Structure formats: C-alpha cells, structure tokens
Amino acid sequence: MSDPILSVRDLSIAYRTGRKESVTAVSGIDLDLYEGQSLALVGESGCGKTTLGLGLLRLLPNLGEITSGSLTYRLKDGSRADLLQMKKEPLRRFRWNEAAMVFQGAMNAFNPVIRIFDHFADTLRDHADGKKWTKAAVEARAGELLETVRLDPDRVLQSYPHELSGGMKQRALIALAIALDPQVLVLDEPTTALDLLTQRSIVQQLHELRKKFGFTMVFITHDLGLAAELADRVATMYAGRIIETGSARDIFYDPKHPYTAGLINAVMPVKGDRPALESIPGYPPSLKAMPDGCAFNPRCAFATDACKQDRVPLSLLTERPSGMDHSVACLHHDQVRLARSATDQLASFVEGESANV
Ligand SMILES: Nc1ncnc2c1ncn2[C@@H]1O[C@H](COP(=O)(O)OP(=O)(O)OP(=O)(O)O)[C@@H](O)[C@H]1O
Ligand code: SF4
Ligand SMILES: [Mg+2]
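Each residue of the sequence shown is one higher than the one before, starting from 1 at the first, in full-length UniProt numbering.
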C-alpha cells in the first residue's frame with residue numbers, strides 16, 4: 001500500500017472564547033487519506049466539520065488554534081511535510097499548490113469589484129512557484145478549467161461576480177481552487193444553497209474533474225445522498241470527534257454507530273413507501289458541557305451505564321485496504337441495525353459510483 005497523501009494524528013482544535021477560556025471544537029482526529037480517494041465528512045450542524053476542514057489546511061481563523069496532534073502531507077515532489085511546523089512562506093506556497101479549499105458559503109468569497117479573470121490571475125501569480133503567468137497563460141489555464149466545469153470562458157472571465165448565478169459562481173470557484181493543480185481539494189458544503197438541478201450538475205462536474213485531474217478530495221456535507229454519490233469513504237462526526245469511518249459501502253449498508261444509523265434512517269427514500277422519518281431525538285451537546293463517557297449517550301436508545309463512564313474510542317471492526325477500515329466508537333455496535341430501507345436510495349449511488357470500494 002502506498003504512503004497516505006495526508007496523515008492526521010490525534011488532532012485537536014480549540015477556539016478562544018474569552019481571555020482565559022476556550023472550547024475544544026475538534027478532538028483526537030486520526031485519519032489517513034490515500035491518493036485519489038474522496039472522503040465525505042458528515043454530521044449535524046456544529047459537529048466540527050468546517051473546523052476540521054480548515055485545520056487540515058491550517059486556515060483556521062485567528063481565534064482557532066490547533067492544540068495538539070500532527071498533520072503530515074506527502075508533497076508533489078514526494079517529500080513529507082509536517083504542516084504544523086511549516087513557516088509562513090512555505091505555507092503560502094503549500095496552499096493552492098498542494099492543497100486548496102472551497103469554503104462554506106463560498107459564493108460570497110469572490111471580491112465583488114474584481115472580474116473573474118483577475119481572481120485567476122491573482123491566485124496563479126501569488127501562489128505559483130517561480131512560473132511567470134502572462135495574461136495569455138492565465139487565460140489559457142482559466143479557460144481550460146472553466147470549460148471543464150461547463151462555463152463559457154469568454155463570458156465568465158470578463159464578468160464581475162454579481163453577473164454570475166449562484167451555480168456559475170460555485171463552478172467558477174471550484175475551477176479557481178484547482179488552478180494550480182493541488183493534490184488535495186477540500187470542499188465545504190459545495191452544493192448547499194443551490195437548486196436541485198444545479199446540485200446535480202456540480203456533482204457531475206466534480207466526478208469529471210476528479211477523473212481528469214485525479215485529485216484527492218475531502219468534502220464536507222450534511223447531505224447523505226451527496227456523500228453516497230461522491231465518496232469512496234465516509235467519516236461521521238459527532239461533537240468534534242470521528243465516531244465511525246469506513247468505505248461508503250460499509251457506512252451506508254451496515255452502519256454500526258447508532259448516530260450514523262440515525263442519520264441514514266432520517267433520509268427520505270425517493271422510491272417505494274414513504275414511512276414516517278425517524279429523527280434523532282434531542283440536540284448535540286454544548287461544547288462547554290460535554291456529557292461524560294460517550295458524547296452521544298443522552299440521545300442514544302442503546303445507552304447503558306457503561307456508556308456514561310469513559311470516552312469510547314474508535315475500534316476496528318473490519319480491516320480493509322487503503323485506509324478503508326470500518327471502525328466505530330460504540331460499546332454496543334453489535335445491536336445496531338438500520339430500522340428501515342432508507343439505504344435503498346443511498347445504496348444505489350454507492351453501487352454506481354464506488355466500484356473501487
Ligand atoms: N470562531 C469561532 N469561535 C468559537 N466557536 C466556534 C467558532 N467557529 C466555530 N465554533 C464552534 O465550533 C463548533 C464546530 O463548528 P463548525 O463550524 O466546525 O461546525 P460544522 O460541523 O461545520 O457546522 P455546519 O454544518 O453548521 O457548518 C461549533 O460548536 C461552533 O459553535
Ligand atoms: S457507546 Fe453507548 S451511548 Fe454511545 S453510541 Fe454506543 S450505545 Fe450509544
Ligand atoms: Mg460548516
């Protein structure tokens with residue numbers, strides 16, 4: 001098995017909330033990501049998906065801080081880099097060249113007074129390592145990428161952001177993020193706030209881009225349909241931790257954490273009977289008042305006293321190649337079954353798109 005392109009060990013991230021106070025938003029993340037894989041990070045609002053995504057590129061806001069752990073990348077030249085030790089200048093070169101991010105709510109990320117051409121020109125010139133980006137070279141590179149996401153370069157490059165629709169902006173941003181051919185692309189909720197048809201077309205184009213450019217992808221979503229369709233691997237997050245991870249097939253056919261099963265059971269099937277949706281009772285815990293033991297215990301139908309004692313670590317259920325191991329953080333995972341056939345719809349995507357699982 002080749003080296004992972006990204007290795008995360010025991011990563012924790014906190015936000016300062018006062019002069020001497022902070023809250024831990026992400027804890028104890030272990031993750032190996034292999035070249036060409038796509039990993040979906042799923043979970044309810046506030047579980048730490050964006051924080052982890054930003055942390056993976058050291059793009060946390062000022063109040064956010066990686067408090068422990070390690071983050072190692074295999075760079076394009078084959079060397080390994082400890083991202084947490086990287087100084088300002090190498091870090092600047094690392095971003096966009098080696099790994100890039102499409103931010104949550106990114107449609108507002110464009111500078112409104114700058115044409116799309118200038119966004120490409122600035123990005124390529126600011127982050128390129130030594131290469132001279134003439135106007136013609138920028139137009140050629142931007143044109144190639146915009147055509148791949150089915151946008152007309154002649155029109156789009158001359159446009160200001162407000163002259164593009166939401167879907168066009170999102171596609172232009174994805175094209176911009178891969179302008180320097182990064183090995184890893186992190187996409188935070190890439191289709192949220194788009195209508196269904198536009199969502200479908202973005203998903204299609206992400207498939208095509210991955211086929212053409214072969215980048216490794218981490219995408220963050222609370223849309224399980226999207227995760228089933230785009231992901232080779234899935235990691236479910238709850239209260240800042242990964243509580244289940246595995247191939248898309250393992251997670252959608254045979255989830256072993258009650259929370260993952262609850263998320264899947266809450267998905268409305270498009271075919272067949274439409275039974276009442278089973279929502280997960282209660283709310284995620286406050287970061288300032290985490291329950292003892294398993295953080296899910298106040299909401300869990302399987303909880304016993306043992307679940308309220310110590311934190312429950314991820315443990316291996318099924319070993320698989322290339323980091324696809326199925327692991328779960330639950331003391332009673334053997335009791336977990338999907339309550340109904342909500343997976344039919346998800347499984348059909350898994351069948352179609354994750355042949356290498
Ligand atoms: N700048 C900040 N200062 C303090 N707390 C923060 C900050 N940003 C996020 N948090 C807290 O960290 C936790 C994780 O937030 P995060 O944005 O990573 O969640 P998320 O899973 O991406 O949610 P969503 O699905 O709503 O985007 C939340 O409890 C949030 O309130
Ligand atoms: S460890 Fe216990 S409380 Fe936590 S998910 Fe498993 S059964 Fe539920
Ligand atoms: Mg988020």
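The beta carbon of each residue, even a glycine, is placed where N, CA and C say it ideally should be.
On a predicted model such as this, the values are computed, not experimentally measured, just so you know.
Run of the beta strand (DSSP E) containing residue i, from where it starts to where it stops
i    : result
H326 : H326 to V328
Y15  : L6 to R16
T318 : S315 to T318
M101 : A99 to V102
M237 : R233 to Y238
M217 : T216 to T221
R155 : It is not in any beta strand (DSSP E) - R155 instead sits in the alpha helix (DSSP H) that spans P153 to L157.
Buried versus exposed call for residue i [16 or more other C-beta atoms within 10 Å across all chains shown]
i           : result
P61         : exposed
G143        : buried
G18         : exposed
S327        : buried
G262        : buried
A329        : buried
residue 365 : Outside the modelled stretch of the chain, which goes from 1 to 357, sits residue 365, for which no answer is possible.
N265        : buried
V113        : exposed
G130        : exposed
Cβ-heavy atom distance, residue i to ligand 1, below 7 Å
i           : result
S45         : yes
P285        : no
residue 358 : Because the chain in this structure spans residues 1 to 357, residue 358 falls outside the shown range and cannot be described.
T67         : no
T17         : yes
Residues near residue i by beta carbon distance below 8 Å, same chain, minus five either side
i           : result
A355        : Note that A355 has pLDDT 32, beneath the 50 cutoff, so the model's placement of it is unreliable and the number below is only indicative. Excluding sequence neighbours, A355 sits near nothing in its chain.
L164        : I116, V156 and A172
S12         : T24, V26, S27, G28, I29, I66, T67, S68 and G69
L151        : M168, R171, A172 and A175
L230        : S38, A40, V203, L206, H207, M217, F219 and E353
T191        : Q170, T198, Q199, I202, V203, T221, D223 and L226
residue 387 : Nothing can be reported for residue 387, as the shown portion of the chain is limited to 1 through 357.
beta-carbon residue i near ligand 3 non-hydrogen atom, thresh 7 Å
i    : result
D188 : yes
Q199 : no
Q104 : yes
T50  : yes
I220 : yes
Opening and closing residue of the alpha helix (DSSP H) in which residue i lies
i    : result
I243 : Premise fails: I243 lies in the beta strand (DSSP E), R241 to S247, not in any alpha helix (DSSP H).
F117 : I116 to H127
R210 : L196 to F213
D32  : Where D32 is concerned, there is no enclosing alpha helix (DSSP H), although the beta strand (DSSP E) it sits in stretches over S22 to L33.
G143 : K135 to T148
E227 : Per the sequence shown, the amino acid found at residue 227 is Ala instead of Glu. Note, A227: alpha helix (DSSP H), L224 to L230.
Cβ-heavy atom distance, residue i to ligand 2, below 7 Å
i    : result
H257 : yes
V312 : yes
F252 : no
L317 : no
A235 : no
N265 : no
Other residues of its chain near residue i: CB distance less than 6 Å, five sequence neighbours each side excluded
i    : result
S159 : I116
S279 : A266
R125 : W133
D325 : L316 and E319
P244 : Strictly speaking, residue 244 in this sequence is Glu, with Pro absent from that position. The answer, listed in chain order, is T236, H257, T260 and V328.
D82  : T72
Beta-bridge partners of residue i, as assigned by DSSP
i    : result
F296 : According to DSSP, which records beta bridges pairwise, F296 is partnered with nothing at all.
R74  : R80
S68  : S12
G3   : What sits at residue 3 in the sequence shown is Asp, not Gly. In the DSSP output, where bridge partners are listed per residue, D3 has none listed.
Neighbourhood of residue i by C-beta distance below 7 Å, restricted to the same chain and skipping five residues each side
i           : result
L145        : A175, I178 and A179
Q104        : T50, D188 and E189
A100        : A177, I178, P182 and L185
residue 377 : Within the shown structure, residues of the chain are numbered from 1 to 357, placing residue 377 beyond reach of any answer.
A14         : S22, V23, T24, A25, E65 and T67
Short CB-CB distance (under 8 Å) between residue i and chain D
i   : result
C47 : No chain D is present in this structure, which holds just one protein chain.
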